[in-house]
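Below is one structure, written out as structure tokens, with a few remarks after it.
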């Protein structure tokens, strides 16, 4: 059925549901899974009244976000190992979540995207629901959305 599943996860309780479903589906269809987390860039604003941030501080903050993102996908690896599903992990640095997911699915030759319907992620606290809508309307492969 499916050979390679792209699993979008942000570590939220809702995305954990997507993780469980993706792993179960991968086990049934003997598919591999690529678990991906999108790590945001630090927001930079140069409008009047804003303060300039030290580049070293920004780099430290972004490194912390990337470590947290890696921890999220590493948890999926552990869950995959427990179920016998091979997992590849990716942490992608981007502010455009949907575009990054779609590009990754194409680059990795995935034939299914699994993601949650909404959840918060990143400093901007973007609703993943709107990102899900974007993925649904622009994907060229099936998308399994879990509520």
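Numbering (the numbering used here), first residue to last: 901 to 1047. Heads up, the beta-carbon is just placed ideally off N, CA and C, and yes, glycines get one too. What you are looking at is a predicted structure, and each value in this text was computed from that prediction instead of being measured.
1. Would you check if there are 3 or more beta carbon pairs closer than 8 Å linking the stretch 932 to 944 to the stretch 994 to 1014?
2. Using the C-alpha atoms, what's the distance from residue 970 back to residue 963?
3. Could you spell out where the beta strand (DSSP E) holding residue 994 opens and where it closes?
4. Given that a residue counts as buried once 16 or more other Cβ atoms are within 10 Å of its Cβ, and exposed if not, what is residue 915?
5. Give me the Cα-Cα distance between residue 989 and residue 974, rounded to the nearest whole angstrom.
6. When DSSP labels each residue in this structure, what does residue 989 get in the three-state scheme?
7. Just to confirm, are residue 907 and residue 924 a CB contact at a threshold of 8 Å?
8. For residue 930, which option in 994, 960, 1035 and 986 has the closest C-alpha, if you only look at C-alpha atoms?
9. In three-state DSSP terms, what is residue 931?
10. Whose CA, out of 1038, 926 and 953, lies closest to the CA of residue 904?
11. Buried or exposed: residue 1012, going by 16 or more other Cβ atoms within 10 Å of its Cβ?
12. Do you know how far the Cα of residue 1007 is from the Cα of residue 1030?
13. Could you tell me if residue 1015 is buried or exposed, where buried requires 16 or more neighbouring beta carbons within 10 angstroms of its beta carbon?
By the coordinates alone:
1. yes
2. 10 Å
3. From DSSP, residue 994 is part of no beta strand (DSSP E); its letter is neither H nor E.
4. buried
5. 7 Å
6. strand
7. no
8. 986
9. coil
10. 926
11. buried
12. 23 Å
13. buried
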